[in-house]
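Asker: Residue numbers (the numbering used here): -19 to 179.
Here you go, one structure.
Following this line, the structure appears as structure tokens:
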């Protein structure tokens, strides 16, 4: 039988170990939270800069940084690997495989905005416009200023024969990204088609 002293020392070691474990676990947790908040803050700052950009030359580098932020908003190495794998499959034209990969990524991390956006793009390319629309709506719930999703939303509504909603999507896009000449032109074209006075 262990002596009282030995038991005490064992308990003391046990509680010391537990305290260290708790510090490590919660320290890592708060570092992860801080990283996510910092990334979110960076994204919002870039979106503010995009709204102020006076030309595509000025907006271009901001847009590139935003896509990088959105694509790299994974929480761990598994999610990072799936995003990379999905992008490769997408670039190679293996659309069904890419859709499956992004579906798996969404299941792992339902708050990963760009995983939803990539699947929305793939579903549009696969002519699944209703499925693409549902994914785009999720993207805009997570990030209301996602200009890529708004552009996609306009394209979906055009495919579904709803020019009024397409116009609204492009107007929302230009409110976020005023120097997007393509979206501005689409607004003019749609207003002319709908007989809306642009003066």
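Note that beta-carbon positions come from the ideal geometry of N, C-alpha and C, so glycine has one too.
Only a predicted model underlies this, so the values are computations on that prediction, with no experimental measurement involved.
Give me the Cβ distance between residue 96 and residue 60, rounded to the nearest whole Å; I'm assuming they're in contact under 8 Å.
Answerer: In the chain shown, counting from the first residue as 1, residue 96 sits at position 116. In the chain shown, counting from the first residue as 1, residue 60 sits at position 80. About 17 Å separates the two Cβ atoms, so there is no contact after all.
Asker: Given residue 183, which residues of its chain have a CB within under 6 Å of its CB, disregarding the five upstream and five downstream residues?
Answerer: Nothing about residue 183 can be read from this structure; the chain reaches only from -19 to 179.
Asker: Spatial neighbours of residue 65 within its chain, please: C-beta separation below 6 Å, excluding the five flanking residues on both sides.
Answerer: Looking up residue 65 in the chain shown gives position 85. Answer for residue 65: 81, listed in chain order.
Asker: If contacts are defined as beta-carbon pairs under 8 Å, then residue 98 and residue 135 qualify, I think. What distance do you get, rounded to the angstrom?
Answerer: Reading the chain shown from its first residue, position 118 is the one you call residue 98. Reading the chain shown from its first residue, position 155 is the one you call residue 135. In fact, because the Cβ distance is near 15 Å, the residues do not count as touching under 8 Å.
Asker: Could you please give the first and the last residue of the uninterrupted alpha helix (DSSP H) stretch that includes residue 41?
Answerer: As a first step, residue 41 must be located in the chain shown, where it is residue number 61. Run containing residue 41: 36 to 51, per the alpha helix (DSSP H) assignment.
Asker: Does the distance between the C-beta of residue 164 and the nearest non-hydrogen atom of the ligand MN fall short of 7 Å?
Answerer: This structure lacks the ligand MN; in fact it carries no ligand of any kind.
Asker: May I ask you to report which of helix, strand or coil DSSP gives residue 167?
Answerer: What you label residue 167 is simply residue 187 of the chain shown in a count that begins at 1. It is helical.
Asker: Which term fits residue 167, buried or exposed, when burial requires 16 or more other beta carbons within 10 angstroms of its beta carbon?
Answerer: Position 187 of the chain shown, counted from the first residue, corresponds to residue 167. So residue 167 counts as buried.
Asker: Assign residue 78 to buried or exposed, taking buried as 16 or more other Cβ atoms, counted over all protein chains shown, within 10 Å of its Cβ.
Answerer: Taking the chain shown and counting its residues from 1, the one referred to as residue 78 is at position 98. So residue 78 ends up on the buried side.
Asker: Helix, strand or coil for residue 160 per DSSP?
Answerer: One-based indexing of the chain shown puts residue 160 at position 180. Looking at residue 160 - three-state DSSP - the assignment turns out to be coil, as it is neither helix nor strand.
Asker: Would residue 161 be called buried (16 or more neighbouring beta carbons within 10 Å of its own) or exposed?
Answerer: Looking up residue 161 in the chain shown gives position 181. Per the 10 Å Cβ criterion, exposed.
Asker: Specify the secondary structure class of residue 81 as computed by DSSP and reduced to three states.
Answerer: For the purposes of this step, residue 81 is identified with residue 101 of the chain shown, where counting begins at 1. Here residue 81 sits in helix by DSSP.
Asker: By Cβ distance, which residues of its chain are closer than 7 Å to residue 45, with the 5 residues on each side in sequence left out?
Answerer: The residue labelled residue 45 in the question sits at position 65 within the chain shown. Same-chain partners within the cutoff: 26.
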